[in-house]
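Chemist: Following this message is one structure expressed as structure tokens.
In the working numbering, the protein residues as written are 21 to 157.
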């Protein structure tokens, strides 16, 4: 059990899994916005998507070593992405602040992120399978 976590954590599989999780959450947020485009008084929701993804690829400014299990890890682990309501005025319809064109663009972009993440994750598992079996096919 411990060995499989060590092997997976040395690959990009955990980060790619997080990409799929956050794109799934973003899909729900965008879909909810689209579903409420005609709802009077609805407040658009958004997700801190790019910041969450950047946390996996940008090297933290400070590194630390835990000499005791009670110490906090440095850098702190990445927290889950947060859903929030951005500050913006009403759109052209005057019903709410949802811009359907922007939401559809975000939906298409999110779809591309998910597809790329799924393909890379599949390739990561293929690479592990090849390394374990010693076969390329």
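Where is the CB? At the ideal position from N, CA and C, for every residue including glycine.
Verify whether the separation of the beta carbon atoms of residue 103 and residue 140 is less than 9 Å.
Modeler: No; because the gap between Cβ atoms is not below 9 Å, this pair is not in contact.
Chemist: Could you tell me which residues DSSP puts in a beta bridge with residue 66?
Modeler: 104
Chemist: Are the CB atoms of residue 49 and residue 65 within a distance shorter than 9 Å?
Modeler: Cβ distance < 9 Å, so residue 65 and residue 49 count as in contact.
Chemist: DSSP three-state call for residue 23: helix, strand or coil?
Modeler: Per-residue confidence for residue 23 stands at a pLDDT of 48, beneath the threshold of 50, marking its modelled position as unreliable; the derived number appears in the next sentence. Helix, per DSSP.
Chemist: In whole angstroms, what separates the C-alpha of residue 161 from that of residue 115?
Modeler: The structure shown does not extend to residue 161, since the chain is modelled only from 21 through 157, so no value can be given for it.
Chemist: Could you pull the start and end residues of the alpha helix (DSSP H) that residue 35 belongs to?
Modeler: Residues 33–55.
Chemist: Determine the direct distance from the alpha carbon of residue 37 to that of residue 23, and round the result to whole angstroms.
Modeler: Residue placement at residue 23 is flagged as unreliable, the pLDDT there being 48, under the threshold of 50; a coordinate-derived value is accordingly withheld.
Chemist: For residue 143, which three-state DSSP category applies?
Modeler: Helix, per DSSP.
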